[in-house]
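Trainee:
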Amino acid sequence: MLLGKIGVMDTSDEVNTQGSTVEDWTRALAQSTGSPGGGAGTGLMLAIAASLTSMVAGYTEAEDHERGELDSIRARARSLRNDALELADQDASASRAFGAAFRLEPGPEREAAISRASVDAAKASAVLGKRAMDAINDLAWLAANGNPALVADVVVAFGALRATVAGARTNVSFDLASLTSGGSTMEQIREEHPVLWAMVGDLNDAIERIDALTAEIDHHAAPTDAV
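The opening residue of the sequence shown carries number 42 in the working numbering; numbering runs sequentially from there.
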């Protein structure tokens, strides 16, 4: 999500994550349009984490009593990859609405539009963050039980997942704070949007958990650090 008083400029060449090449999508991301922006990039990082989770699960051989769990992890990861790309596009749409609100003439209508767009943007980022948090357990299982030859891929997946969680946390927090432009205080925002406010804390906790899980296997993924 590109947030701020500059808003989001219109573009006639809109791209989406599911119908664009990596080249086209990243070229669009590099433009000063804000759609796609950081929030959409957060969704793409979630898709990368899910894709790597699926790959490692596919390369992992499990005992009979673990086969069901491994198959479920791979199925969830494949589903998450698709969902994450859709969520990235939804965030891009929220970015356009946010920018349009900021381009309105100053006055009550603009303030109301910014408030609506801010809450919608925060909700979009919160969904991304929730899906990312839900994916931590599956990746943690692979960190402990996955193919040891792919431990570096697990660490990369954790990195992508961390980027997703950190991006969602920042966007939810910033979008909520944008409500102050309409005259609300931070205390009022917390009282009016308790679920979104609490999500910021949950995402902070998730970042700490990802860091701890990554640290547990980092000596296997990067053994030269110990030399």
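C-beta atoms are modelled at their ideal positions from N, C-alpha and C, and glycine is treated no differently.
Rounded C-beta distance between Asn57 and Asp130? I'm assuming under 8 Å.
Mentor: Looking up residue 57 in the sequence shown gives position 16. Looking up residue 130 in the sequence shown gives position 89. Right, their Cβ atoms sit about 5 Å apart.
Trainee: Would you mind working out which of Glu110, Leu244, Arg119 and Ala81 sits nearest Glu91, comparing C-alpha positions?
Mentor: Translated into positions along the sequence shown, residue 91 becomes position 50. The displayed chain sequence assigns Ala, not Glu, to residue 91. Of the listed residues, the one whose Cα sits closest to Ala91 is Arg119.
Trainee: Considering Gln229, what are the terminal residues of the alpha helix (DSSP H) in which it resides?
Mentor: The residue you call residue 229 lines up with position 188 of the sequence shown. It spans Met227 to Glu233 - the alpha helix (DSSP H) in which Gln229 sits, taken as one unbroken run.
Trainee: Among Val195, Asn212 and Thr205, which has the Cα closest to the Cα of His261?
Mentor: Position 220 of the sequence shown, counted from the first residue, corresponds to residue 261. Looking at the Cα atoms, Val195 is the closest of the given residues.
Trainee: Any Cβ of chain C within less than 7 Å of the Cβ of Asp124?
Mentor: In the displayed structure, chain C is absent; only one protein chain is listed.
Trainee: Put Val56 into one of helix, strand or coil per three-state DSSP.
Mentor: Taking the sequence shown and counting its residues from 1, the one referred to as residue 56 is at position 15. Looking at Val56 - three-state DSSP - the assignment turns out to be coil, as it is neither helix nor strand.
Trainee: To the nearest angstrom, report how far apart Ala201 and Gly79 are at their CA atoms.
Mentor: Translated into positions along the sequence shown, residue 201 becomes position 160. Translated into positions along the sequence shown, residue 79 becomes position 38. Taking the straight line from one Cα to the other gives about 14 Å.
Trainee: Can you give the beta carbon distance from Gly170 to Val206, rounded, assuming they're within the 8 Å contact cut?
Mentor: One-based indexing of the sequence shown puts residue 170 at position 129. One-based indexing of the sequence shown puts residue 206 at position 165. About 6 Å separates the two Cβ atoms, so the contact holds.
Trainee: Considering only C-alpha positions, which residue in the set Gly84, Arg137, Trp182 and Glu110 is nearest to Ser73?
Mentor: Against the sequence shown, residue 73 aligns to sequence position 32. For the residues Gly84, Arg137, Trp182 and Glu110, the minimum Cα distance to Ser73 belongs to Arg137.
Trainee: Threshold first: 4 residues or longer. Then list the alpha helix (DSSP H) segments lying entirely within the region 59 to 84, N to C.
Mentor: DSSP runs (the alpha helix (DSSP H)) wholly in the region 59 to 84: 63 to 71.
Trainee: By DSSP, does Leu145 sit in helix, in strand, or in coil?
Mentor: Along the sequence shown, read from residue 1 onward, the residue named residue 145 stands at position 104. Coil.
Trainee: Are the beta-carbon atoms of Ala125 and Leu87 separated by less than 7 Å?
Mentor: Here residue 125 refers to the residue found at position 84 of the sequence shown. Here residue 87 refers to the residue found at position 46 of the sequence shown. Result yes, Cβ atoms of Ala125 and Leu87 sit closer than 7 Å.
Trainee: Quick check: the Cα distance between Asp216 and Ala163, rounded to an integer number of angstroms?
Mentor: Your numbering for residue 216 matches position 175 in the sequence shown. Your numbering for residue 163 matches position 122 in the sequence shown. Whole-angstrom Cα-Cα distance: 5 Å.
Trainee: Considering only residues of the same chain and omitting the five flanking positions on each side of Phe139, which have a CB-CB separation below 6 Å?
Mentor: Mapped onto the sequence shown, residue 139 falls at position 98. Counting only Cβ-Cβ distances below 6 Å, and skipping sequence neighbours, we find Ala158 and Ala162.
Trainee: Under 7 Å, do Met240 and Ala167 count as touching if we go by C-beta distance?
Mentor: For the purposes of this step, residue 240 is taken as the residue at position 199 of the sequence shown. For the purposes of this step, residue 167 is taken as the residue at position 126 of the sequence shown. In contact: Met240 and Ala167 (Cβ atoms closer than 7 Å).
Trainee: Compute the Euclidean distance between the alpha carbons of Thr83 and Leu183, then round it to the nearest angstrom.
Mentor: Working through the sequence shown from its first residue, we reach residue 83 at position 42. Working through the sequence shown from its first residue, we reach residue 183 at position 142. For Thr83 and Leu183, the distance between alpha carbons rounds to 22 Å.
Trainee: Just to confirm my understanding: we take Val213, look at its own chain, exclude 5 residues before and 5 after, and list those with CB closer than 8 Å. What are they?
Mentor: In the sequence shown, residue 213 corresponds to position 172, counting from 1. Result list for Val213: Ala163, Ser166, Ala167, Gly170, Leu237, Met240, Val241 and Leu244, in chain order.
Trainee: On the DSSP letters alone, give me the boundaries of the alpha helix (DSSP H) that Ala193 sits inside.
Mentor: One-based indexing of the sequence shown puts residue 193 at position 152. Note, Ala193: alpha helix (DSSP H), Val192 to Ala218.
Trainee: Can you give me the C-alpha to C-alpha distance between Pro149 and Met96, rounded to a whole angstrom?
Mentor: As a first step, residue 149 is located in the sequence shown; it is residue number 108 there, counting from the start. As a first step, residue 96 is located in the sequence shown; it is residue number 55 there, counting from the start. If I take the Cα positions, the gap works out to 51 Å.
Trainee: Counting only runs that start and end within the region 92 to 166, where is the alpha helix (DSSP H) found for 4 or more residues in a row?
Mentor: Counting whole runs of 4 or more residues, the region 92 to 166 contains the alpha helix (DSSP H) stretches 105 to 143.
Trainee: With a Cβ-Cβ cutoff of 7 Å, do Ala98 and Leu85 count as a contact?
Mentor: Working through the sequence shown from its first residue, we reach residue 98 at position 57. Working through the sequence shown from its first residue, we reach residue 85 at position 44. In this structure, Leu85 does not lie closer than 7 Å to Ala98 by Cβ.
Trainee: Assuming Ala176 and Thr94 form a contact by the criterion Cβ under 8 Å, report the distance between their Cβ atoms to the nearest whole angstrom.
Mentor: Position 135 of the sequence shown, counted from the start, is the residue given in the question as residue 176. Position 53 of the sequence shown, counted from the start, is the residue given in the question as residue 94. 7 Å between Cβ atoms; contact.
Trainee: In chain order, what residues of the same chain have a beta carbon less than 8 Å from the beta carbon of Asp266, not counting five sequence neighbours either side?
Mentor: Within the sequence shown, residue 266 is the residue found at index 225, counting from 1. Counting only Cβ-Cβ distances below 8 Å, and skipping sequence neighbours, we find Asp259 and His260.
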